[in-house]
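Just below is one structure, and these are the notes that go with it.
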Amino acid sequence: MTISFDNPNWWLLCVVPIPILVHLVARTRPAERLFSSIALLRELVRLQSSRTRPKDWLLLLLRTLLCGCLAGVFLLPNLGGGADGEGGRALVLVLDNTASMGAADGQQVRMNRALSMAQAAVQNLAPHDLVNLVTLAGYPRFVFERPESARPLIVRELARTASQPAAAADVSAALQAACSQVDNLPDGVNGLVLLISDFQSDTMKEAVAAIENKASIRCVNVAQTTAVENTALTAMTLTPARPLPGQKVTLTVTLQHWQGAVAREGAQPLSVSVNAGNLRLSQPCELDRGKQKKVQFELTAPSTPGDWVLTAQTEPDAYPEDNTRNLVVPVADKLDCLAIATDRVQLGFMLRALENTPFLRTLYLPSMPETAADFVVWHSPTLADVPSIRARQAAGETVLIVPDFEKDTALLPLLSGKDGCIAGELRNDGGNWKVDFVATDDPSFSLFERAALENLGNAGIYRRLGADLSSAAAGAEVLIQYRKESADSVPVPALLRKPMGRGELLIWNMPVTARDSRQGFSPLYLPLVAEQLLQARGTSDEAEPVAGQDYLQITIPSGVDVAELRLLAADGTECPLVFQGVVARSEQPAVPGVYRWVAGDTELQTVAVNFPREESDLRSFSPNGSVYVQNAHSETQISSFGGRVALWPFLLAAAFIFFVVESLICRKPAEHTKSDLLP
Amino acid sequence: MGQAPTILRPEDMARLANYRFAVRMMAEGWLNGRHRARGRGSSSDFLEYRAYAPGDDAKLLDWRVFARTDRLQLRTFEHETHLECHLFVDSSASMAFREYASISKLQYASHFAACVAWLVVRGHDRVALQLFDEKVRHFVQPGTTAAHLNRCLSLLEHNTAGGHTDLPQALGRSKGLIQRPVTLMIVSDFLCDMDALQAALNPYIHLGCKVVLVQVLDRGELSLSGQGLARFVDMESGERIICNPDELRNMYSERMRAVQQRMQAMCVARGMLYLSTTTDSSFYPLLDALAR
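The listed protein sequences derive, respectively, from chains S and D. Heads up, our numbering is the position in the first sequence plus 228, with the first residue counted as 1. Heads up, our numbering is the position in the second sequence plus 237, with the first residue counted as 1.
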């Protein structure tokens, strides 16, 4: 056990002798008096001394101890903590401030408990000890690149830290980095990673399990109970995803219930309400405990284009942040369609067909644009275009490919993930090839209820042949196929659909020629198909900014004055912006809510940021492996971290006791007996 | 011719005119005088009858009693003798202490001794004077003349305080100067060892001397005065001690009272007369006590 002193101003103790010296120098000298004989006085003084000497010694002892204790209090001593860290200690504080830490757990919010413990751990460090702080909400944020001797700064940072409505990302990397900081400390410095969390998400569990040097980490679980009962709105889906003005849509709200520490049976009565502009719909439901349930609302899209904000709510419970969810639906009178082709002739055909479609806003760009579109028609893509196509599908776009089998290199990588090409040819045997609709129950064909599909089927068109197209398209669905030549022949797909990513891949295996310009006969039915597919695709909030991680950003439209560009929260407060070229983004990561990009009086875009659904699961777990997990229930437990105990409270109490005892002794008068005074 | 001593003031002499120096106890002189002696003498005052014993003076037989009773009875008379008073005046440095009164203890003692000497000489008795500190400074042989008184008064007037107090030693040295029972009056502050004093007085008591102890103190010595820390300097030894009179005052007063009580008890037990006074009070009560 060693004693260390926290007060850096210990040298101020050197001034303590100054008042003593001043007293000794400036004290009043006793007056000199001639006396007949001091024998009697000497005898009395001796007698008094014999009586008062033990008391004087006791007083001297008490006063010395009192002064020593006060000096000790000034020095802020600590006992222990220097087992093998003669060069000091280093503490890397990994603080989980994700959304689940804001849940009320027992009598206290988890985050408050975590902050108390973190502050206790930091306060327990000596001033020269090293410390660093990592917060996990959104993405790991290190205050310093390596532990620094800046305890007051960390304390201030902790005072500013709060639970953020965000999930944790890259926790494993953060813990590894923290452990790396501890491992790379100078010789003689004793380091420790202190992870304070509720250990709620699987991410945390996996991250802790993946730590290699488990001896350098210490986990503190601030969850008071193993699970907190919670109900959350986990998803909102609108079908179709991008409705046209006045179109009837279906909103599906997904509710999820998590059991608490004590599982309960039965259903939980709830009411789900949806705010859609001025319309408010409410629907009662019974949610089975521990189960998921979907509640549907039939709505009509606004009659004017624009962003349509849908807000779903349910009764708030112990964790009310996740009982509200927003969905921003763009209502457009036209769908964005991109046409990409290297063959100018083919591009001309396509554009002519697309531009005649009233609900499509066709855009032709010579190169691959960054702009997102609802529908992309891509003529003769090559292998180099595969990454772009996949990126667009991942973003939720529907990409319709019109392959050129004579020089195709993209289909096989897109369909099966293998390199190679699907060779084919354009056959025109003088006859007209007819097609069969093999998936008439597919929502894609609901559009053709009022159209004569027979016109297409009996049109008699050229046939493109793609060898191995059927076998390569595993998992794809054939919507239209060429009529079989014979009973034994393999049917050739005319229109294939394969879901990929969040979008879809359509392969149009029909020639596009000048003859096909007539709608109804032309393979340029494809805009109609596209519209139907888009309508069938339900929205998902996956594309929304992730709370705590993503920044809200917008590409500044041309003609917009940057000075007028503002980002407004739902309550009208303005969010600070950062401009990077033509992109404006919020200064801070998004927190749940509805935000509006506004330029002057013009509303540019509405964005909804929702509560991370994984944070609604408030079950806590204990990390596996040899990681030491402390279920701390009080700050005193964490303050004894490292075996270090602050001694100044004890010294202060001792000083007070010494003072009281001294006062009592001084108050008691000296007593002399008669016998003492006899000569 | 020297200047006449002023220590004995005319007003004192006028006031002492009606005083007679006579102590309560009988004197043991060897000359006939006015003072009763402890034995049988030749005065005219009848003392008692006692049975005749062989060797008794036949002149003292009361023949009338023999005629009536047929027994030989001696008729005895009181013995009247003179008085020889030896005045011992303490002249040590401590006698120069003065705090409350306008005069020092030595001045007070000198005045008192002068008055006693005057009274003794006026009563045709012999007076001797001895000034001492740790040793005998001056000794004036007993005498009864005016010149002798003048010499004593002159010594008292020009006496100065100095030296250490050692009364037992001074009494021991004076032992050879007193061969007969006399009246011994010691004027001092008696700030000395009580047992040693008693031992020093024993030879005089055994000799039959009548011992009178007159303690002269300043009131500041009876009750410690002053406030706050003070450095007390011994007037004789020059030693110093720092103490707080506030803390010692009560103890000191009680202790002084106990010292005086012990001295009183010692004097009573040894047949001595103990008188105590302070310099701020008159010494005539002392003379009254002596005459009582």
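All C-beta atoms in this analysis are idealised placements derived from N, C-alpha and C, irrespective of residue type, glycine included.
Name, please, each residue of chain S whose Cβ falls closer than 7 Å to the Cβ of residue i.
{"i": "Ser411 (chain D)", "result": "Within 7 Å Cβ-Cβ: nothing; Ser411 (chain D) doesn't reach chain S, min ~22 Å."}
{"i": "Glu248 (chain D)", "result": "Correct list: empty, because the minimum Cβ distance to chain S is about 29 Å."}
List the residues of chain D whose Cβ lies closer than 8 Å to the Cβ of residue i, in chain order.
{"i": "Arg261 (chain S)", "result": "Gly463, Ala467, Arg468, Phe469, Val470"}
{"i": "Pro258 (chain S)", "result": "Gly465, Leu466, Ala467, Arg468, Ile479"}
{"i": "Leu381 (chain S)", "result": "Residues of chain D passing the Cβ test: none, with the nearest at roughly 55 Å."}
Are the CB atoms of residue j and residue i within a distance shorter than 8 Å?
{"i": "Ala333 (chain D)", "j": "Met472 (chain D)", "result": "yes"}
{"i": "Ala351 (chain D)", "j": "Leu245 (chain D)", "result": "yes"}
{"i": "Val822 (chain S)", "j": "Arg813 (chain S)", "result": "no"}
{"i": "Leu319 (chain S)", "j": "Leu286 (chain S)", "result": "no"}
{"i": "Val410 (chain S)", "j": "Ser377 (chain S)", "result": "no"}
{"i": "Val183 (chain S)", "j": "Thr363 (chain S)", "result": "Coverage of chain S is limited to positions 229 through 907, which leaves residue 183 (chain S) absent and any answer about it impossible."}
{"i": "Leu356 (chain D)", "j": "Phe258 (chain D)", "result": "yes"}
{"i": "Ala836 (chain S)", "j": "Val523 (chain S)", "result": "no"}
{"i": "Thr590 (chain S)", "j": "Leu579 (chain S)", "result": "yes"}
{"i": "Asp362 (chain D)", "j": "Leu320 (chain D)", "result": "yes"}
Residue i touches chain S at which residues, Cβ-Cβ below 8 Å?
{"i": "Ser331 (chain D)", "result": "Ser264, Ser265"}
Between the C-alpha atoms of residue i and residue j, what's the straight-line distance to the nearest angstrom?
{"i": "Arg708 (chain S)", "j": "Ala702 (chain S)", "result": "The residue you asked about is not Arg; residue 708 (chain S) is Ile in the sequence shown. Approximately 16 Å between the Cα atoms of the pair."}
{"i": "Ile478 (chain D)", "j": "Val470 (chain D)", "result": "7 Å"}
{"i": "His385 (chain D)", "j": "Leu311 (chain D)", "result": "42 Å"}
{"i": "Ser265 (chain S)", "j": "Cys322 (chain D)", "result": "29 Å"}
{"i": "Pro471 (chain S)", "j": "Phe525 (chain S)", "result": "15 Å"}
{"i": "Gln428 (chain S)", "j": "Arg374 (chain S)", "result": "27 Å"}
{"i": "Pro533 (chain S)", "j": "Ala560 (chain S)", "result": "5 Å"}
{"i": "Ala506 (chain D)", "j": "Cys446 (chain D)", "result": "15 Å"}
{"i": "Thr515 (chain D)", "j": "Leu252 (chain S)", "result": "40 Å"}
{"i": "Pro877 (chain S)", "j": "Pro305 (chain S)", "result": "10 Å"}
{"i": "Ala495 (chain S)", "j": "Pro727 (chain S)", "result": "36 Å"}
{"i": "Thr256 (chain S)", "j": "Ile248 (chain S)", "result": "14 Å"}
{"i": "Val192 (chain S)", "j": "Ala619 (chain S)", "result": "The displayed coordinates of chain S run from 229 to 907. Any statement about residue 192 (chain S) would go beyond what the structure contains."}
{"i": "Leu393 (chain D)", "j": "Tyr345 (chain D)", "result": "11 Å"}
{"i": "Val630 (chain S)", "j": "Asp636 (chain S)", "result": "10 Å"}
{"i": "Val889 (chain S)", "j": "Pro355 (chain S)", "result": "34 Å"}
{"i": "Arg338 (chain S)", "j": "Asp426 (chain S)", "result": "7 Å"}
{"i": "Val448 (chain D)", "j": "Phe520 (chain D)", "result": "18 Å"}
{"i": "Leu846 (chain S)", "j": "Asp333 (chain S)", "result": "9 Å"}
Can you tell me which of the three DSSP states residue i falls into?
{"i": "Thr462 (chain S)", "result": "strand"}
{"i": "Tyr289 (chain D)", "result": "coil"}
{"i": "Met422 (chain D)", "result": "strand"}
{"i": "Gly821 (chain S)", "result": "strand"}
{"i": "Leu512 (chain D)", "result": "strand"}
{"i": "Val888 (chain S)", "result": "helix"}
{"i": "Trp239 (chain S)", "result": "helix"}
{"i": "Tyr592 (chain S)", "result": "strand"}
{"i": "Trp606 (chain S)", "result": "strand"}
{"i": "Met728 (chain S)", "result": "strand"}
{"i": "Leu793 (chain S)", "result": "strand"}
{"i": "Lys896 (chain S)", "result": "coil"}
{"i": "Gly366 (chain S)", "result": "coil"}
{"i": "Val477 (chain S)", "result": "strand"}
List the residues of chain D that residue i touches, going by C-beta distances under 9 Å, in chain order.
{"i": "Leu289 (chain S)", "result": "Those within 9 Å of Leu289 (chain S) in chain D number zero; the least Cβ separation is about 21 Å."}
Interface residues of chain S around residue i at Cβ under 9 Å?
{"i": "Asp426 (chain D)", "result": "Ser264, Ser265"}
{"i": "Arg301 (chain D)", "result": "Correct list: empty, because the minimum Cβ distance to chain S is about 59 Å."}
{"i": "Leu527 (chain D)", "result": "The contacting residues do not exist; Leu527 (chain D) stays about 25 Å from chain S at best."}
{"i": "Leu434 (chain D)", "result": "Per Cβ cutoff of 9 Å: no residues; Leu434 (chain D) is ~12 Å from chain S at best."}
Could you name the residues of chain D that residue i contacts, counting a contact when the two beta carbons are closer than 7 Å?
{"i": "Leu286 (chain S)", "result": "In chain order: nothing, as chain D lies at least about 18 Å away."}
{"i": "Leu252 (chain S)", "result": "Within chain D, no residue comes near Leu252 (chain S); the closest Cβ sits about 14 Å away, beyond 7 Å."}
Report yes if the C-beta of residue i is less than 7 Å from at least one heavy atom of the ligand GTP; otherwise report no.
{"i": "Glu514 (chain S)", "result": "Of the ligands one can find in the structure shown there are none, so the ligand GTP has no counterpart to examine."}
Quiz item: Quick one: any contact between the segment 378–388 of chain D and the segment 452–472 of chain D, if contact means 3 or more CB pairs under 8 Å?
Solution: no
Self-check item: Cβ pair count under 8 Å reaching 3, the segment 442–462 of chain S against the segment 547–562 of chain S
Solution: yes
Quiz item: With a cut-off of 8 Å, do at least 3 Cβ pairs link the segment 341–358 of chain D to the segment 405–416 of chain D?
Solution: no
Exercise. Would you check if there are 3 or more beta carbon pairs closer than 8 Å linking the segment 390–400 of chain S to the segment 446–454 of chain S?
Key: no
Quiz item: If we count Cβ pairs, one from each stretch, closer than 8 Å, do we get three or more for the segment 559–575 of chain S versus the segment 491–505 of chain S?
Solution: no
Quiz item: How about the segment 298–313 of chain D and the segment 432–445 of chain D: do they share at least three Cβ pairs that are nearer than 8 Å?
Solution: no
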